[in-house]
Every structure is written in structure tokens, then in C-alpha cells.
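Working notes, structure below.
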Amino acid sequence: MSDIAERVKKIVIEHLGVDAEKVTDTASFIDDLGADSLDTVELVMAFEEEFGTEIPDDAAETIQTVGDAVSFLTKAAS
Amino acid sequence: MRRVVVTGLGMVSPLGNGVETTWSNILAGKSGAKRPTGFETDDLACRVACQLPLGDGTNGTFNPDDVLPVKEQRKIDPFIVYAIAAADEALADANWKPESYEDQIVSGVMIGSGIGGLLGIEKAAYDLQEKGPRRISPFFIPGRLINLASGYVSIRHGLKGPNHAVVTACSTGAHAIGDAARLIALGDADVMVAGGTESPIGRLALAGFAACRALSTNFNDTPEKASRPYDKDRDGFVMGEGAGVVVLEEYEHAKARGAKIYAEVIGYGMSGDAYHITAPSEDGDGAFRCMSAAMKRAGITPDQIDYVNAHGTSTPLGDEIELRAIERLVGDAADGLTMSSTKSAVGHLLGAAGAVEAIFSILAIRDQIAPATLNLDNPSVDTKIDLVPHTPKKMDIKVVLSNSFGFGGTNASLILRAVD
Numbered sequence: 001m002s003d004i005a006e007r008v009k010k011i012v013i014e015h016l017g018v019d020a021e022k023v024t025d026t027a028s029f030i031d032d033l034g035a036d037s038l039d040t041v042e043l044v045m046a047f048e049e050e051f052g053t054e055i056p057d058d059a060a061e062t063i064q065t066v067g068d069a070v071s072f073l074t075k076a077a078s
Numbered sequence: 079m080r081r082v083v084v085t086g087l088g089m090v091s092p093l094g095n096g097v098e099t100t101w102s103n104i105l106a107g108k109s110g111a112k113r114p115t116g117f118e119t120d121d122l123a124c125r126v127a128c129q130l131p132l133g134d135g136t137n138g139t140f141n142p143d144d145v146l147p148v149k150e151q152r153k154i155d156p157f158i159v160y161a162i163a164a165a166d167e168a169l170a171d172a173n174w175k176p177e178s179y180e181d182q183i184v185s186g187v188m189i190g191s192g193i194g195g196l197l198g199i200e201k202a203a204y205d206l207q208e209k210g211p212r213r214i215s216p217f218f219i220p221g222r223l224i225n226l227a228s229g230y231v232s233i234r235h236g237l238k239g240p241n242h243a244v245v246t247a248c249s250t251g252a253h254a255i256g257d258a259a260r261l262i263a264l265g266d267a268d269v270m271v272a273g274g275t276e277s278p279i280g281r282l283a284l285a286g287f288a289a290c291r292a293l294s295t296n297f298n299d300t301p302e303k304a305s306r307p308y309d310k311d312r313d314g315f316v317m318g319e320g321a322g323v324v325v326l327e328e329y330e331h332a333k334a335r336g337a338k339i340y341a342e343v344i345g346y347g348m349s350g351d352a353y354h355i356t357a358p359s360e361d362g363d364g365a366f367r368c369m370s371a372a373m374k375r376a377g378i379t380p381d382q383i384d385y386v387n388a389h390g391t392s393t394p395l396g397d398e399i400e401l402r403a404i405e406r407l408v409g410d411a412a413d414g415l416t417m418s419s420t421k422s423a424v425g426h427l428l429g430a431a432g433a434v435e436a437i438f439s440i441l442a443i444r445d446q447i448a449p450a451t452l453n454l455d456n457p458s459v460d461t462k463i464d465l466v467p468h469t470p471k472k473m474d475i476k477v478v479l480s481n482s483f484g485f486g487g488t489n490a491s492l493i494l495r496a497v498d
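In the order they appear, the protein sequences are chains A and B.
Count the first sequence with my numbering and you get residues 1 to 78, in order.
Count the second sequence with my numbering and you get residues 79 to 498, in order.
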């Protein structure tokens with residue numbers, strides 16, 4: 001697992017208070033991990049802080065799963 | 079109007095988690111005042127406060143993790159956590175678990191707070207300054223709004239009736255119970271979860287109230303001596319935190335389901351001083367009219383009041399003004415009257431004060447005992463009223479008056495009576 005994926009999963013586990021095994025690439029924040037719309041806003045803020053990047057609102061709306069976040073942040077880092 | 083009774087009690091206070099823990103500590107003469115921890119205090123004029131005894135939940139300590147997961151606690155200020163804890167206890171005590179839609183829509187919430195999420199607002203202001211607007215959490219607003227205590231409690235217990243919140247400074251808790259009782263009396267609800275909650279203790283609130291010259295500053299080295307209502311050495315109040323919540327219920331509704339009935343809310347009075355933003359009117363006119371209105375509503379005479387749980391904050395001005403107003407109210411009956419201030423033990427819980435004191439008043443009726451006024455070594459005034467210095471007093475108590483007066487000149491009095 002990439003370093004970025006590790007860090008994303010750590011943030012998701014911490015912010016949503018979910019078990020590590022539930023945080024798979026395909027897990028949807030809202031449908032699988034119990035987040036509501038405000039939780040997802042806060043998650044995106046946590047990603048921005050961890051990775052020192054800015055995620056515009058239209059991009060943030062496309063980040064629905066753990067995998068979406070990893071691929072967005074991987075692209076942003078390259 | 080319909081009769082309203084109290085069927086459940088809940089509390090978190092500086093003297094412990096839960097109603098019975100707090101009450102037994104009060105009757106044991108304990109003080110919750112200490113040097114506050116968790117922030118820098120060296121440069122503060124007042125270095126005394128009554129903080130909740132945090133711990134693992136044993137021995138009467140309060141463990142917020144028993145109330146909400148850490149992840150949820152992070153979103154909200156402690157005043158909401160305290161309200162949830164007190165409401166959980168009160169609803170369990172009342173054995174009221176509305177599961178049908180019909181029961182839910184007649185059950186409401188009215189929990190207020192004097193200040194709300196001051197701690198979270200202070201922190202967010204730093205974040206805004208240092209990190210910019212994109213770092214402000216989506217939970218910043220909903221976790222600080224005063225009515226979100228009522229909101230969280232309603233969501234947690236499925237209470238779909240009136241959802242309201244009182245904000246009247248130090249009268250909040252008493253107004254919430256009085257107003258909620260009115261809603262039941264008028265038929266807007268059959269059950270109301272009502273009270274007050276507060277979590278102000280930090281540098282900002284201690285600096286702000288000290289600037290108003292409202293806090294004690296002469297007892298920083300002997301914190302347990304600082305809250306001393308009616309004593310000649312009193313020099314201001316001691317800030318407290320916590321929550322008090324009661325379950326109010328329409329009398330026939332409570333009887334029909336066999337609920338335990340603690341007391342009836344027979345009187346509620348309100349008034350405004352129209353005098354000064356922080357000082358009480360010197361002639362005690364606001365307090366007098368407030369108590370008179372409650373007595374008129376209750377349909378009782380002054381000699382029927384057995385015990386008064388005073389506002390009695392330990393400020394130089396306020397205590398004597400209230401005392402004189404009560405003497406004027408009861409006249410010759412002052413001789414047989416008993417009055418004390420439990421703020422001498424738990425401090426001043428601001429928006430929660432009126433609610434925890436209503437609960438102490440109810441327990442005084444239940445246990446036939448008036449709690450003491452601690453630290454009352456030398457009363458600053460002569461009075462025929464027994465101010466219960468140092469030790470509680472066993473006595474017959476049927477009718478209790480509880481006073482709360484707040485900044486802005488807002489006054490509330492509740493009268494509670496034992497139900498035969």
C-alpha cells in the first residue's frame with residue numbers, strides 16, 4: 001500500500017471512528033462508513049491539512065470513496 | 079390550566095456525576111471549588127472555579143466517553159455533552175422512553191444555556207486567524223449554538239414535540255423549567271425535558287466575568303472558602319459548570335403510567351429590572367415582583383413557603399438585595415423561614431444554576447432537609463430568616479421557592495410543592 005493510501009486511511013479511521021478493516025478502497029464515506037454530508041466536508045479539510053494541498057469544492061464533490069481520495073491526492077502529489 | 083409535575087431528575091455537577099452523587103456530597107458539606115486546571119491561570123485575577131470531576135466514571139467522576147464517542151465529542155462544546163448526560167439520567171429516572179409516534183410528538187425539549195460554546199468560539203477564532211477560513215470545521219456552528227443542546231437530546235431520544243432553548247444568563251435554567259411547564263399546562267406537550275447547561279470555564283470567561291467585577295478574587299489560595307453567600311467577607315461568585323435537567327409531565331399523564339412523582343410545579347414568576355446590565359436594582363423591586371408573581375400563580379400565602387433556595391451568588395451587592403426582597407415578600411413569616419444558597423458548594427453554574435437548584439429544591443422536599451450555606455461564618459446582615467450556616471437542617475418541607483436572577487435584569491422564580 002502506498003504511503004498516501006496509508007495516510008488517507010489513518011485520517012478516515014480517526015475522523016469517522018470506524019474499524020480499520022472497513023476502510024477499503026471501494027468503501028463509500030456516506031454509504032459504508034456512516035458519514036453525513038458535514039463529515040465529508042471535514043474529511044476533505046483533514047486531507048488538505050495532512051497533504052498541504054487545496055481541494056477545490058467541485059473536486060471535493062467527486063471524492064466519494066477512500067479510493068477516490070487516494071487517487072486524487074496521488075495525482076495532486078505528482 | 080393543566081397540572082405539571084416533575085417525574086425525572088438528571089445532573090452533572092462539580093460535586094459529581096449524577097443527582098444522588100451530587101446531593102450526598104452537598105449534604106456532606108463538600109465544596110467543588112478548586113484552582114482550575116487545563117489552562118494557564120497565573121495571570122488571572124480569579125483563580126478559583128468549580129470544574130466537573132473528570133475521571134473514568136467510577137467514584138462519582140464524570141467520563142464524557144460514557145456519554146458519546148470521542149469522535150462525536152470533538153464536534154461539540156462540552157455544554158452539549160453535559161446536557162445529553164443529564165437528560166439521559168432524567169429520562170431513565172422518569173422511565174419515559176417514547177417509542178410510538180404518538181408519544182414522541184407530545185414529548186419536547188427546552189434546555190437552555192447562558193453562554194453556549196464559548197470555548198469552541200475562542201479556539202475557532204485562533205484557527206481563523208492562524209490558518210484561514212478554509213480550516214473552519216463544518217461542525218463549528220452546530221457544535222456551538224445554544225439550542226443544539228435541545229437538538230441533540232431530541233435526536234437521541236426521539237422527542238418530536240416543542241424544541242426550544244432559553245437564553246437568559248443566570249436565570250436560564252429556571253426560565254426553561256418554568257416555560258416548559260407552561261407549555262404542558264397549555265397543552266402544547268405532555269412531557270418536557272427541561273433545564274440548563276453550561277461549560278464556560280476557561281481563560282476568556284474568567285477574564286470577562288472578572289472584568290465585570292463579578293468574581294471572587296480574595297480566596298485564590300483557599301478556593302473552598304471563596305463562595306460564601308451572606309458572609310461579610312464575600313467578594314464575588316465562583317464560576318461553575320455542568321447541567322441540570324428535569325422531566326416535566328402533565329399530572330394525569332404521569333399518574334396514568336404510574337410514574338414516580340417528585341413534586342408539582344405550582345408557581346412560576348418572571349420580571350425585568352429595567353435598571354442595569356449587570357447590577358440588580360438596589361431596591362430589589364425586580365426580585366420582589368418576580369417572587370410575588372410566582373406566589374400569586376401558586377395561590378399560596380407567604381407563611382406557606384418552608385424553604386427558599388436563594389439565587390445567593392456571594393456577590394457583595396446581590397445577596398443582601400435578594401434577602402431584603404424576600405423579607406419584604408414574607409413579612410412576619412420571615413421568623414419561620416429557612417433559606418440557603420447551594421452555590422456555596424457547587425459554585426455558580428450560570429445558565430445551569432436555576433436547573434440544578436430546582437433539583438436541589440425538589441430533593442429538599444423528598445428528604446425533608448435544607449442544604450447548608452457553606453462558609454457563612456459572619457453574616458453581613460441581621461435577619462430573622464435562618465440562612466442554614468455550615469450544616470444542613472432537618473425540617474418539614476412541603477413548599478419551596480427557588481430564585482434565579484441574571485445579567486440584563488432578568489428574573490425567574492419557581493415554586494414547587496410536594497404531591498400527596
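Just so it is clear, CB atoms sit at the ideal spot from N, CA and C, and this is done for glycine as well.
Note that the coordinates shown come from a computational prediction; the quantities given were computed from them, not determined experimentally.
Give me the residue from the options with the minimum Cα distance to residue i.
i, options, result
"Ile63(A)", "Ser2(A), Phe29(A) and Lys9(A)", "Phe29(A)"
"Ile255(B)", "Thr469(B), Ser458(B), Gly86(B) and Asn453(B)", "Gly86(B)"
"Ser294(B)", "Phe438(B), Arg125(B) and Arg495(B)", "Arg125(B)"
"Thr275(B)", "Leu479(B), Arg312(B), Pro142(B) and Met89(B)", "Met89(B)"
"Leu261(B)", "Pro211(B), Ser185(B), Leu284(B) and Lys303(B)", "Ser185(B)"
"Leu223(B)", "Asp166(B), Pro156(B) and Gly107(B)", "Pro156(B)"
"Asp474(B)", "Gly390(B), Ile447(B), Pro380(B) and Thr115(B)", "Ile447(B)"
"Ala259(B)", "Leu395(B), Lys471(B), Ala165(B) and Arg80(B)", "Arg80(B)"
"Asp171(B)", "Thr115(B), Ala202(B), Val84(B) and Asn137(B)", "Val84(B)"
"Pro216(B)", "Asp39(A), Val70(A), Asp68(A) and Ala59(A)", "Asp39(A)"
"Asp498(B)", "His468(B), Lys471(B) and Ile443(B)", "Ile443(B)"
"Asn504(B)", "Ile355(B), His354(B) and Leu441(B)", "With chain B represented from 79 up to 498, any question about residue 504(B) goes unanswered, as that position is not in the structure."
"Pro449(B)", "Val466(B), Gly194(B) and Met348(B)", "Val466(B)"
"Gly487(B)", "Gly390(B), Asn453(B) and His354(B)", "His354(B)"
"Ala412(B)", "Ser277(B), Asp381(B), Ala243(B) and Ala321(B)", "Asp381(B)"
Can you pull the chain B neighbours of residue i, defined as C-beta to C-beta under 8 Å?
i, result
"Glu61(A)", "Those do not exist, as Glu61(A) stays about 14 Å from chain B at its closest Cβ, beyond 8 Å."
What in chain B is Cβ-close to residue i, meaning under 9 Å?
i, result
"Gly17(A)", "Pro147, Val148, Lys149 and Glu150"
"Val8(A)", "By Cβ distance, chain B contributes nothing, its closest Cβ being about 17 Å from Val8(A), past 9 Å."
"Leu38(A)", "Lys153, Ser215, Pro216, Phe217 and Pro220"
Measure the beta-carbon distance from residue i to residue j and round it to whole angstroms, keeping in mind my assumption that it falls under 8 Å.
i, j, result
"Gly251(B)", "Gly229(B)", "Going by Cβ atoms, the distance from Gly251(B) to Gly229(B) rounds to 18 Å, so no, they are not a contact pair."
"Asp144(B)", "Gly135(B)", "5 Å"
"Ile162(B)", "Arg234(B)", "6 Å"
"Val477(B)", "Ile378(B)", "6 Å"
"Pro307(B)", "Thr451(B)", "6 Å"
"Gly409(B)", "Ala376(B)", "Wrong, their Cβ atoms sit about 17 Å apart, outside the cutoff."
"Ala227(B)", "Ser191(B)", "6 Å"
"Thr416(B)", "Asp445(B)", "Incorrect: roughly 14 Å between the Cβ atoms, too far for contact."
"Asp32(A)", "Lys22(A)", "7 Å"
"Asp351(B)", "Ser458(B)", "Rounded, the Cβ-Cβ distance is 22 Å, inconsistent with contact."
"Ala371(B)", "Leu494(B)", "Wrong, their Cβ atoms sit about 15 Å apart, outside the cutoff."
"Leu196(B)", "Ala283(B)", "6 Å"
"Ile104(B)", "Phe438(B)", "7 Å"
Name the DSSP bridge partner or partners of residue i?
i, result
"Cys128(B)", "Gly318(B)"
"Leu494(B)", "Val343(B) and Val478(B)"
"Ser91(B)", "Gly94(B)"
"Ser28(A)", "Thr65(A)"
"Lys112(B)", "Ala127(B)"
"Ala448(B)", "Lys471(B)"
"Gly484(B)", "Thr488(B)"
"Met417(B)", "Val386(B)"
"Asn241(B)", "Val187(B)"
"Gly270(B)", "Looking at the sequence shown, residue 270(B) is not Gly but Met. Gly186(B) and Leu326(B), per the DSSP bridge assignment."
Residues of chain B with a CB under 7 Å from the CB of residue i: which are they?
i, result
"Leu73(A)", "Correct list: empty, because the minimum Cβ distance to chain B is about 16 Å."
"Glu21(A)", "Ordered by position in chain B, no residue passes the 7 Å Cβ test against Glu21(A), which lies about 17 Å from the chain."
"Glu42(A)", "Ser215, Pro216 and Phe217"
Run down chain A in chain order and give the residues with a C-beta less than 8 Å from the C-beta of residue i.
i, result
"Arg312(B)", "In chain order: nothing, as chain A lies at least about 46 Å away."
Taking C-beta pairs closer than 9 Å, name the residues in chain A that residue i reaches, listed in chain order.
i, result
"Arg234(B)", "Ordered by position in chain A, no residue passes the 9 Å Cβ test against Arg234(B), which lies about 15 Å from the chain."
"Arg212(B)", "Met45, Glu48 and Glu54"
Give a single yes or no on whether residue i has its beta carbon closer than 7 Å to a heavy atom of the ligand NAP.
i, result
"Ala365(B)", "The ligand content of the structure shown is nil, which means the ligand NAP is not present either."
Given 8 Å, three or more beta-carbon pairs between the stretch 307-320 of chain B and the stretch 332-344 of chain B: The stretch 307-320 of chain B, when compared against the stretch 332-344 of chain B, does not touch it at the 8 Å Cβ threshold.
For the 8 Å Cβ check, are there 3 or more pairs between the stretch 321-328 of chain B and the stretch 256-273 of chain B? The stretch 321-328 of chain B makes contact with the stretch 256-273 of chain B; the number of CB pairs closer than 8 Å reaches 3 or more.
Inter-stretch contact (C-beta, 8 Å, three-pair minimum) for the stretch 58-76 of chain A and the stretch 226-243 of chain B: Counting C-beta pairs with one atom in each stretch, the stretch 58-76 of chain A and the stretch 226-243 of chain B have fewer than three that are closer than 8 Å, which means they do not touch.
At least three beta-carbon pairs within less than 8 Å, the stretch 87-106 of chain B to the stretch 68-78 of chain A: With contact defined as three or more Cβ pairs closer than 8 Å, the stretch 87-106 of chain B and the stretch 68-78 of chain A are not in contact.
Three-pair Cβ contact test at 8 Å for the stretch 400-408 of chain B versus the stretch 365-372 of chain B: Touching, yes.
Counting Cβ pairs, one atom from each stretch, are 3 or more of them under 8 Å apart for the stretch 47-57 of chain A and the stretch 16-24 of chain A? These segments do not touch.
Is it true that the stretch 277-297 of chain B meets the stretch 168-177 of chain B, where meeting means three or more beta-carbon pairs spaced less than 8 Å apart? Touching, no, given that fewer than three Cβ pairs across the two stretches are closer than 8 Å.
Three or more C-beta pairs closer than 8 Å, one from the stretch 38-47 of chain A and one from the stretch 201-216 of chain B: is that the case here? Yes, the stretch 38-47 of chain A is in contact with the stretch 201-216 of chain B.
So does the stretch 460-475 of chain B actually touch the stretch 422-438 of chain B, counting three or more Cβ pairs closer than 8 Å? No, they do not touch.
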